[in-house]
Structures are given as structure tokens and as C-alpha cells.
Amino acid sequence: MKMHKQFFSALLMGALFFLSTTLSAQPRQGHRAGPFQALEQWKTELNLTEAQQAQLEALKPAFEKSLADIKDKEFDSPEAHKEAFHGLMQEYKTSIGQILTEEQKAMLEAKRAERREGRQERMKKVDKKGLHQEMKAYQDQNIHPVMLQQRAKLEQKISAEDKALIARLRTQFEANRQEMEQLKQNPEHSREDFQAMREAHKEERAALKGLVEKYNEEIDALLTEVKGQQEQWHKDMRAIHEKYAPGREEGQSKKGEGRRDKGEKQMRHPGHHPHPGMHPDGDGKEMRKGHFLLLDPNAPAEAPTKAAVTTNVNVYPNPAANRMTLDYTLLKAGNVRIELRDKEGNLVKVVEESQKTAGDYSLPVDATTLQDGVYYLTIVSQGQRTAQKVVVAKQ
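Just so we're aligned: 234 in our numbering is position 232 of the sequence shown, and the numbers increase by one with no gaps anywhere.
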């Protein structure tokens, strides 16, 4: 049942993201993409000449086209998508570096480092778990029922033969997702492993793509019906994000902020990214329509998600040498057990177990006897487990 919920959630988010890309594709006034944003913000401090500004402007069209291509392309894994994005950024940073003087490059790098440190400090203050939980609760209450309602309308237009094929594909894609999750848990996995798995399931993706093409007009019409609601969803989720994420520092330019931070990415596409094991060859929008098609309008309603009992979980220093501290907030009184496990999930020791009242806690953890490597500090309370990764490095 848990696996079904994860798959169901991924499909809903894929369908929602299809609508998201339609809205986000609209150009925003004053927006500057990628490595050019910092130059736009600091062109006065950098003392760019007219000739330099002209050369930089000439680079932008090709960069923006390449960026759009990456956004539309399907990748084997989130890591592959990130690699392509960073590769593009690096390519154009190199081109920009050939235009700037050494003094300008040094000043630009110093400005970027200052901005990066400020962003990292702001994100440390964000209750990411609380943000995720409130986003999910909002989706469950406002978005999921609407998307399923739209999918139910489509069910009436699908032939019996195609309904049987869709049911088979649901089962196959769920099995593929579980297989992909197992591969991701293997620390030795490589991009080639993902590519081989993708190739093995090519026929299933082709079958789904064929169904999307067959019902394309009907899917477009149903998703267009809720476009107005989707705009409201984005406003509401942006408000939730603003509640948790710290605001911009005084005097910081919105236009110069650079990339959207991770919190806004989650606002645009909250929940889990549709797993790469479900992505077909070809246009990403077609796959997102496939996510919508695979939704099961006859599936039983999910039970309400239990409210979290812990939040604000943090381990520091990380990496640690001989000692670390686990901070957390217990939202509901009860028994709390703190476990230390190795990267394979084996129990190393029980750090602490006792009855606790609701409140903030800070627990020192002795690491003097631990070997270098990856460990997990796990908080177990009232049927819930929250794990925090920590690296022990004594050299």
C-alpha cells in the first residue's frame, strides 16, 4: 500500500508539473537567465565597458535556447539533469571569463561567493520538513481531488482495450519504480545502470506514448479546464513557501537573485519528482501527460497522513570527528528512542531512550569509537522514524 501511495503521488505531481510548465513558460519581465544574472546586477561595480556589454548580450540567445532545451528534455535520473545544467552553466561561465578582465573575474567570483554564503545561511533556518508536510497537506486537500476528477472524465472516453492496457502499464511502471529505488539505494550504482534499466523498459514507455498521442486532444482539454485553479494553487503554495523560507535580505535585488532557490522549486513542483524510470524518450510534456493518463480514478481514497511528531532535525558538526550533536523538536509527548545505524541500516547502538515531553532537545553523541564512514541518527517515536545522515571523518 505504501508503494502504491508513492507511485500515485509521483503520477499526480507529474500531471501537475505539466500544467506548471505551461505557466512558467510565459516570459517574466526583466528576467535574466543563469550566469548573466550576476553580471546584470553588478555591471556598475564591475565597470563593464560598452564593448564588453555588447559581447555578453551576444551570448544570451544561444544560452537561453540551450537552457530551454534542457528544461524540455527527459533525463535518466535527476543527477543526469543536474549534470547537464551545470555543464551548460560552466560552458557559459568560461565564455564570460574570456570577455572579462582578471580583476573583473576576481570581483565577480567574490560577489558570487558572498551571495552563495548568504543563501546557505538563509536556507539553514528553513524548516524543510515542516514545509514539505504543509505542501503535501495542501496538495492532498486541494489539488489531488481535482486532478482525479479530471482523470475520471477521461475514463469515459477510453476504450475497454485501452483501459486494460493502461492497467497493465500502471503495474509495470510501479514495478519499474521499485526497481529504480532499489538501484538508487546501491552505493555502487552508475549512470550506465540507469541507462540499461531505461533501455530494458523502452517498450512500456513506447506503449504509453502511443496512448498519449491517441488521447492527446482530450487530455489537453481536461488540463486546460483547471488552468485557472492551477494559478491559484501556485499562489497558495508560494505563500506557504514564504511562511517557512526566510525573506530576501534588505537591499537585495530581486532581479539579481539568480536562480530560483530550492524552496521555490518545491513550490513549483512539490512532492517527489516523477521518477526517471517512468520517463519516455522524446518530449517531456508528452510524459507528463502520460502521468495524468496513468492516474487511477477508481483507486480507493488514501487514509489521512499522520501528523509528524518531530521536526527541526539537525546534526552538527557534519562531518564529525569524535563528537556530534543531534537537535530536534518533539511536537507530541511520548517515548523517544535515538538509534545510530551504519550506511547498510545495521544498528550500531541505541544512543538514548526515554519518555519525553514536547519541546526542543539537543543530544550530544559520542563518536570516538566509530570508524570513518556514513551513519544515520534515527529518531523513533510514536510509530514514526526520522533519519539524519552524518559523516564521520577523523582525518
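C-beta atoms are modelled at their ideal positions from N, C-alpha and C, and glycine is treated no differently.
Endpoints, the beta strand (DSSP E) within which residue i is located
i	result
residue 120	No beta strand (DSSP E) contains residue 120, which is instead part of the alpha helix (DSSP H) from 104 to 126.
residue 375	375 to 383
residue 344	336 to 344
residue 317	312 to 318
Beta-ladder partner(s) of residue i, from DSSP
i	result
residue 98	Per DSSP, none; premise fails for residue 98.
residue 325	368
residue 356	338
residue 349	343
Three-state secondary structure assigned by DSSP to residue i
i	result
residue 370	coil
residue 1	Only positions 3 to 397 of the chain appear in the structure, and residue 1 is not among them; the question remains open.
residue 68	helix
residue 173	helix
residue 229	helix
residue 331	strand
residue 129	coil
residue 61	helix
residue 75	coil
residue 222	helix
residue 362	strand
residue 397	coil
residue 260	Because the pLDDT at residue 260 is just 39, under 50, the model does not fix this residue reliably, and the point stays unresolved.
residue 238	helix
residue 41	helix
residue 301	coil
residue 93	helix
residue 143	helix
residue 160	coil
residue 188	coil
residue 6	Reliability of the predicted coordinates at residue 6 is poor, the pLDDT of 47 falling under 50, and no value is obtained from them.
residue 276	A caution first: residue 276 carries a pLDDT of 37, below 50, which makes its placement in the model unreliable, though a value can still be read off. Three-state DSSP puts residue 276 in coil, outside helix and strand.
residue 167	helix
First and last residue of the uninterrupted alpha helix (DSSP H) at residue i
i	result
residue 386	Counting along the chain, residue 386 falls outside any alpha helix (DSSP H), though it belongs to the beta strand (DSSP E) covering 386 to 394.
residue 45	45 to 48
residue 155	146 to 157
residue 202	193 to 202
Cβ-Cβ distance between residue i and residue j below 7 angstroms
i	j	result
residue 231	residue 315	no
residue 372	residue 317	no
residue 311	residue 386	yes
residue 213	residue 150	no
residue 185	residue 195	yes
residue 97	residue 61	yes
residue 129	residue 313	yes
residue 326	residue 395	no
residue 393	residue 376	yes
residue 224	residue 152	yes
residue 95	residue 44	no
residue 381	residue 291	no
Residue-level contact to chain D via CB, residue i, 7 angstroms cutoff
i	result
residue 178	Considering every chain present, this structure includes no chain D. It has just one protein chain.
Indicate whether the contact test is met: 3 or more Cβ pairs, each with one atom in the segment 343 to 362 and one in the segment 152 to 167, closer than 8 angstroms.
no
Inter-stretch contact at 8 angstroms, needing at least 3 Cβ pairs: the segment 142 to 151 / the segment 173 to 185:
no
Flag this pair as touching only if the segment 232 to 245 and the segment 320 to 340 have three or more C-beta atom pairs under 8 angstroms; answer yes or no.
no
Taking one C-beta from the segment 85 to 104 and one from the segment 59 to 77 each time, how about it: are there three or more such pairs within less than 8 angstroms?
yes
How do the segment 326 to 337 and the segment 351 to 368 stand: do at least 3 beta-carbon pairs fall below 8 angstroms, yes or no?
yes
The segment 40 to 59 touching the segment 96 to 110, judged by at least three CB pairs closer than 8 angstroms:
yes
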